[in-house]
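> Following this message is one structure expressed as structure tokens.
Numbering (this note's numbering), first residue to last: -4 to 260.
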């Protein structure tokens, strides 16, 4: 956990998408926040201690007209579209935190990858078990900015990526110039000025802030930070001000979380 001194900043500064504005001046008190996203190993210890079963492992609610595969436990997984199937996302039975992209995948040997396929309630359950909480959107963005008014695209002077995001032409060609085609182990890139890793890219992160989306069939929350699927040509949300709305009951293979503590010690 890293101690963050509170302060005032312009939240949503330099908005690129309608849901990111309007900019507003907000203040946050001192807090502590995880230096990294919660990892597979950390989440595994929680499950071993409590027997917790994630949302993706439970039988989903029955939706009128849902195809048979959506009546089985599973979750959403990104897929490269094809001419026959242009969809980017698929419901994959058996996809869950131990098998992020489905039954044929594994987290063995990937203890330090951020845990994914966790819904909002799953992240909240872990935080309560750890005696902590999830950050608000204000706390998260303040920590991600680390005192900067606005952060440019995460590349160095030579043009090398300094975060795990999508290089190439999304969604059909990822060059992997950052060294990763999917999730990266936490802490692979340099920390920000507050000593926090992967606040930009790698996986989106849950916050406690509620969102609003007209097409959502269930409560929606705000996720922050972008992921390995954010690209300059489509979803340039690898910025602190970026935000996205996500159904709280649904995890994916590119959403994780980190925890925080409002204490000062």
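In this text, a Cβ means the ideal position worked out from N, Cα and C, and glycines have one as well.
The structure displayed is predicted, hence computed values, not measured ones.
(1) For residue 19, which residues from the same chain have a beta carbon less than 8 Å from its beta carbon, with the 5 sequence-adjacent residues on both sides left out?
(2) Is the beta carbon of residue 65 sitting closer than 8 Å to the one on residue 86?
(3) Is residue 137 closer than 8 Å to residue 299 when the C-beta atoms are compared?
(4) Look up residue 91 in the DSSP assignment and say whether it is helix, strand or coil.
(5) Would you call the CB atoms of residue 33 and residue 253 closer than 8 Å?
(6) Could you tell me the boundaries of the beta strand (DSSP E) in which residue 105 lies?
(7) If you follow the alpha helix (DSSP H) that residue 133 is part of, which residue opens it and which one closes it?
(8) Can you tell me where the alpha helix (DSSP H) with residue 45 in it begins and where it stops?
(9) With which residues is residue 28 paired in a DSSP beta bridge?
(10) Which of the three DSSP states, helix, strand or coil, is assigned to residue 194?
(11) Going by alpha carbons, who is nearest to residue 26 out of 75, 134, 93 and 153?
(12) Excluding five sequence neighbours on each side, which residues of the same chain lie with their C-beta closer than 6 Å to the C-beta of residue 229?
(13) When DSSP builds the beta bridges, which residues end up paired with residue 160?
(14) Could you spell out the range, first to last residue, of the beta strand (DSSP E) harbouring residue 205?
(15) In whole angstroms, give me the CA-to-CA distance for residue 28 and residue 60.
(16) Considering only the alpha carbon of each residue, which of 55, -2 and 249 lies closest to residue 74?
(17) Considering only DSSP beta bridges, list what residue 169 is partnered with.
(18) Need the endpoints of the alpha helix (DSSP H) that residue 123 sits in, please.
(19) Give me the Cα-Cα distance between residue 233 and residue 99, rounded to the nearest whole angstrom.
(20) Any contact between the segment 234 to 243 and the segment 93 to 108? By contact I mean 3 or more CB pairs, one from each, below 8 Å.
(21) Are residue 172 and residue 162 touching if we call contact CB-CB under 8 Å?
(22) At the level of alpha carbons, what is the spacing between residue 260 and residue 68?
(23) Can you give me the Cβ contacts of residue 31 inside the same chain, cut-off strictly under 6 Å, excluding the 5 residues immediately before and after it?
(24) Taking DSSP as the reference, what is the three-state secondary structure of residue 176?
(25) Would you please state the rounded distance, in angstroms, between the beta carbons of residue 132 and residue 219? I believe it to be under 8 Å.
A quick look at the data gives this:
(1) As a position in the chain shown, residue 19 is number 24, starting the count at 1. If we look at residue 19 and ignore the five residues flanking it on each side, its Cβ neighbours are 5, 6 and 7.
(2) Mapped onto the chain shown, residue 65 falls at position 70. Mapped onto the chain shown, residue 86 falls at position 91. Against a cut-off of 8 Å, the Cβ pair of residue 86 and residue 65 comes out as a contact.
(3) An answer regarding residue 299 cannot be provided, because it is not within the stretch -4 to 260 covered by the chain.
(4) Here residue 91 is taken as the residue at index 96 of the chain shown, counted from 1. Three-state DSSP puts residue 91 in a strand.
(5) Translated into positions along the chain shown, residue 33 becomes position 38. Translated into positions along the chain shown, residue 253 becomes position 258. Contact: yes.
(6) The sequence position of residue 105 within the chain shown is 110, counting from 1. Run containing residue 105: none; DSSP gives neither H nor E here.
(7) Taking the chain shown and counting its residues from 1, the one referred to as residue 133 is at position 138. From DSSP, the alpha helix (DSSP H) with residue 133 extends over 132 to 140.
(8) The sequence position of residue 45 within the chain shown is 50, counting from 1. From DSSP, the alpha helix (DSSP H) with residue 45 extends over 35 to 45.
(9) Mapped onto the chain shown, residue 28 falls at position 33. DSSP lists -3 and 255 as partners of residue 28.
(10) In the chain shown, the residue the question calls residue 194 occupies position 199. The answer is coil: DSSP assigns residue 194 none of H, G, I, E or B.
(11) For this step, residue 26 is matched to residue 31 along the chain shown. The option with the nearest alpha carbon to residue 26 is 134.
(12) Stepping through the chain shown from its first residue, residue 229 is reached at position 234. So the qualifying residues of the chain are 165.
(13) Taking the chain shown and counting its residues from 1, the one referred to as residue 160 is at position 165. Residue 160 pairs with nothing; no bridge assigned.
(14) Mapped onto the chain shown, residue 205 falls at position 210. Start and end: 199 to 205.
(15) Mapped onto the chain shown, residue 28 falls at position 33. Mapped onto the chain shown, residue 60 falls at position 65. Taking the straight line joining both Cα atoms gives about 42 Å.
(16) Along the chain shown, one-based indexing puts residue 74 at 79. The candidate whose alpha carbon is nearest that of residue 74 is 249.
(17) Walking along the chain shown from the start, residue 169 turns up at place 174. Note: residue 169 sits in a beta bridge opposite 163.
(18) As a first step, residue 123 is located in the chain shown; it is residue number 128 there, counting from the start. Run containing residue 123: 115 to 124, per the alpha helix (DSSP H) assignment.
(19) Taking the first residue of the chain shown as 1, we reach residue 233 at position 238. Taking the first residue of the chain shown as 1, we reach residue 99 at position 104. Looking at the two C-alpha atoms, the distance is approximately 29 Å.
(20) no
(21) The residue given as residue 172 occupies position 177 in the chain shown. The residue given as residue 162 occupies position 167 in the chain shown. Yes.
(22) If you number the chain shown from 1, residue 260 lands on position 265. If you number the chain shown from 1, residue 68 lands on position 73. Residue confidence for residue 260 is low, a pLDDT of 46 falling below 50, so the modelled location carries little weight and cannot support an answer.
(23) In the chain shown, the residue the question calls residue 31 occupies position 36. Cβ neighbours of residue 31 beyond the five flanking positions: 181, 182 and 192.
(24) As a position in the chain shown, residue 176 is number 181, starting the count at 1. Reduced to three states, the DSSP call for residue 176 is coil.
(25) Here residue 132 is taken as the residue at index 137 of the chain shown, counted from 1. Here residue 219 is taken as the residue at index 224 of the chain shown, counted from 1. Indeed, because the Cβ distance is near 6 Å, the residues count as touching under 8 Å.
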